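Visitor: With my numbering applied, the sequence shown covers 742 to 1094.
Virtual Cβ for every residue (Gly too), placed ideally from N, Cα, C.
Being a predicted model, the structure only gives us computed values, none of them experimental.
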Amino acid sequence: MNQRKTFALVLTVLGLLLAVAGPFLPGGIHLTPVGPPGAGHVTSLVATDQGDILAGTQAGEVWRLRGGAWTRENLALGGQPVLALLGEPGRTPVGTAAGLFPPAGESPLEDRVGSLLQTELGLLAGTVGGVRLLVNGRWSAPGPVANIYSLSGQRHGDGHWLHAGTIGAGVLSTSAAEAGAAWQPNSQGLPEAVKVFSFATTQGGLLLAGTDQGVFWQSRPGQPWRSLHPALDGRRAMSVHIAADGERQGRERLWIGGDAGLSSLALAEQGETLAAEGDPLLADSAEWQPPFGIGAIVSSGDRLLVSAGAVYEYGPTPLSGWYWISLAGVVLILIAGWIMPRPTGATADPADV
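(1) Between the alpha carbons of residue 1075 and residue 1068, how many angstroms are there, rounded?
(2) Taking contact to mean at least 3 C-beta pairs separated by less than 8 Å, is the region 767–786 in contact with the region 798–809?
(3) Under the three-state reduction of DSSP, which class applies to residue 1004: helix, strand or coil?
(4) Return the residue from the list 1042, 982 and 867 that minimises the CA-CA distance to residue 837.
(5) If you pair each beta-carbon of the region 968–979 with each one of the region 1007–1022, do three or more pairs fall below 8 Å?
(6) Any idea if residue 978 is buried or exposed, counting beta-carbon neighbours within 10 angstroms, 16 or more meaning buried?
(7) Do residue 945 and residue 997 count as a contact pair if the criterion is CB distance below 8 Å?
(8) In whole angstroms, what separates the C-alpha of residue 745 from that of residue 1066?
(9) Among 806, 953 and 810, which one has its Cα closest to the Cα of residue 788?
(10) By the three-class DSSP mapping on this structure, what secondary structure does residue 780 have?
(11) Alpha carbon to alpha carbon, how far is residue 817 from residue 849?
(12) Just reading off the beta strand (DSSP E) that residue 997 is part of, what are its end residues?
(13) So what's residue 1054 in DSSP terms, helix, strand or just coil?
(14) What is the DSSP secondary structure of residue 744, reduced to helix, strand or coil?
(15) Name the two residues that bound the continuous beta strand (DSSP E) containing residue 952.
(16) Does DSSP classify residue 787 as helix, strand or coil?
(17) Taking residue 995 as the reference, which of 976, 1011, 1001 and 1022 has the closest Cα?
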């Protein structure tokens, strides 16, 4: 009797451990979709200063991720695809396929706006006809005419520059203080007719560009662009993003979004030079990679999120099939209850009835 009871208690404890531990068993670091639920194709992704994630969609919606829950922003964008988010919607402009939707009282811009950048001089908008600059409520076109896909700023040493990535015309650049003057070609070393999708800057201010023909870096405008790694040459890098390297204190890692999914590369920066340490590594196996190319990568605290049709988060996940472990724990508890000896009830004496 005592052995059965002991065995039943052991099964009960083991079952409780399995039932509770199932969801918390580590399953590795993977890319997992996090939404927005039923929102359609995500076309833009940014992180706010407060740590929220904003996602613009093909259907002209803007969704906010806060505390693990998505909510839709109350914006009237006419159903136009959202291509550029600068910050808090309603207080900052939103770029769409039909133009710029500004906050109340600001000047609109009726042209496809694929990128936005706030500068000390004014607001920059990247359009199919070139860079547009908003100063004191008026838009100007510094030129030249080019299909602008991305905008970025760069500070290196005592220099401050602005860069525009184009479709087919390489990079255009200017001093930040002269953003209203004509921007100059800055494509020495880049492949002919290259498409420049994204920019990123290192801690030391070196500039990287993700293109349809690889990833390139430059110390400052006028210096030649150099290929970052031969394994990336000829491959489309739609998004590049630099974050702290969790495996190497004080160092940086480049995250690259492309047609094959998310990959990363350790960086070594020294003065005016930048080098890759090792080879590019896929962040996840093929079955975990998104079905679409990765168009944007953002960091929020220690979180890394990407847009590839939906929004995906790269991080620790539960063990695949953990629910079977929890179910096994429940079964053990039921078995323990079945074999547990029943207490013997007191038998009444007929003489006392």
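Guide: So, from the data block:
(1) When rounded, the distance between both Cα atoms is 11 Å.
(2) yes
(3) strand
(4) 867
(5) yes
(6) buried
(7) no
(8) 24 Å
(9) 806
(10) Coil.
(11) C-alpha separation (whole angstroms): 14 Å.
(12) 993–999
(13) Here DSSP, grouped into helix, strand and coil, assigns residue 1054 to strand.
(14) Helix, per DSSP.
(15) 948–952
(16) Strand.
(17) Shortest Cα-Cα distance from residue 995 to any of 976, 1011, 1001 and 1022 involves 1022.
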